[in-house]
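Here the structure comes first, spelled out in structure tokens, and everything after it is commentary.
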Amino acid sequence: MKPNVTPRVLIRHCDEYDPQRIRAIVKQGLDQLGLKPSGRTLVKPNLVIAGDLFPHAHTRPEFVEGVLAALKDAGGETMTELAVGERSGITVPTRVAFAESGFNAMIRRVPGVKRYLFDEAQQVEIPLTHERRLRDFIFVPEPVARADFFVNVPKFK
Numbered sequence: 346m347k348p349n350v351t352p353r354v355l356i357r358h359c360d361e362y363d364p365q366r367i368r369a370i371v372k373q374g375l376d377q378l379g380l381k382p383s384g385r386t387l388v389k390p391n392l393v394i395a396g397d398l399f400p401h402a403h404t405r406p407e408f409v410e411g412v413l414a415a416l417k418d419a420g421g422e423t424m425t426e427l428a429v430g431e432r433s434g435i436t437v438p439t440r441v442a443f444a445e446s447g448f449n450a451m452i453r454r455v456p457g458v459k460r461y462l463f464d465e466a467q468q469v470e471i472p473l474t475h476e477r478r479l480r481d482f483i484f485v486p487e488p489v490a491r492a493d494f495f496v497n498v499p500k501f502k
């Protein structure tokens, strides 16, 4: 199965982690791509690990703060939920990565944003129907399964 549109990549310059500058850049990108978040909107930021020993192992909270603000600008009332969700990539509980990275403080600064800890969330079965599938179903965190608009914000390494 081939995608029905040609993929596009937008590259923008931003020389500092200023949430308002990031907000404007991301909003411009959403507009350019014709994307409007709606329904349950979920942002996955890539919080692998955080803390004094790992200052660069996760996406910066200032960047995600700008992304969240841009999504609010673009989606407005069409979004029924705006959330940040993650599962730490190693054996440290995700709630520790949220606390140590500054994400808890950032989420408190952005009104109406919900937090999901995927390692503590209910896992739901998703059936797979493609004829060349390797299995008949997978389990994913419930917030992922019910997301209408999903934004992956990876750490550029």
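Quick note on this note's numbering: the sequence shown kicks off at 346 and runs consecutively. All C-beta atoms, glycine included, are put in the ideal place defined by N, C-alpha and C. Because the structure is a prediction, the values reported are computed rather than measured.
1. Distance, Cα to Cα, L375 vs V458?
2. Just to confirm, are L394 and A444 a CB contact at a threshold of 9 Å?
3. Check whether the Cβ atoms of T404 and P499 sit closer than 9 Å, and answer yes or no.
4. Could you compute how far the alpha carbon of E470 sits from the alpha carbon of V485?
5. Going by beta carbon distance, what residues of the same chain come within less than 7 Å of G447, once the five residues before and after it are set aside?
6. For F482, write down the residues that DSSP places opposite it in a beta bridge.
7. Which runs of the beta strand (DSSP E), 3 residues or longer, sit entirely within the region 401-471?
8. Per DSSP, F399 forms a beta bridge with which residues?
9. Given a cut-off of 9 Å on the beta-carbon distance, is the pair L416 and V388 in contact?
10. CB-CB under 6 Å to A402, same chain, minus the five flanking residues each way: which ones, in chain order?
11. Can you name, in chain order, every residue of its own chain whose Cβ lies under 7 Å from the Cβ of Q377, other than the five neighbours on each side?
To lay it out plainly:
1. Translated into the one-based positions of the sequence shown, residue 375 becomes position 30. Translated into the one-based positions of the sequence shown, residue 458 becomes position 113. Their backbone Cα atoms lie some 19 Å apart in a straight line.
2. Sequence index remark: in the sequence shown, residue 394 carries index 49 (1-based). Sequence index remark: in the sequence shown, residue 444 carries index 99 (1-based). Per the sequence shown, the amino acid found at residue 394 is Ile instead of Leu. In this structure, A444 does not lie closer than 9 Å to I394 by Cβ.
3. Taking the first residue of the sequence shown as 1, we reach residue 404 at position 59. Taking the first residue of the sequence shown as 1, we reach residue 499 at position 154. Going by beta carbons, T404 and P499 fall inside the 9 Å limit.
4. Working through the sequence shown from its first residue, we reach residue 470 at position 125. Working through the sequence shown from its first residue, we reach residue 485 at position 140. About 7 Å.
5. Residue numbering aside, residue 447 sits at position 102 when the sequence shown is read from its first letter. Result list for G447: P406, in chain order.
6. Numbered from its first residue, the sequence shown carries residue 482 at position 137. DSSP, once it has assigned bridges, lists P472 as partnering F482.
7. Residue ranges of uninterrupted beta strand (DSSP E) with 3 or more members, entirely inside the region 401-471 and ordered along the chain, are 424-431 and 458-462.
8. Numbered from 1 along the sequence shown, position 54 holds the residue referred to as residue 399. F399 pairs with nothing; no bridge assigned.
9. Locating residue 416 in the sequence shown gives position 71, counting from the first residue. Locating residue 388 in the sequence shown gives position 43, counting from the first residue. Yes; because the gap between Cβ atoms is below 9 Å, this pair is in contact.
10. Position 57 of the sequence shown, counting from 1, holds the residue named residue 402. Correct list, in chain order: V393 and I394.
11. On the sequence shown, residue 377 is found 32 positions in, with the first residue counted as 1. Counting only Cβ-Cβ distances below 7 Å, and skipping sequence neighbours, we find L355.
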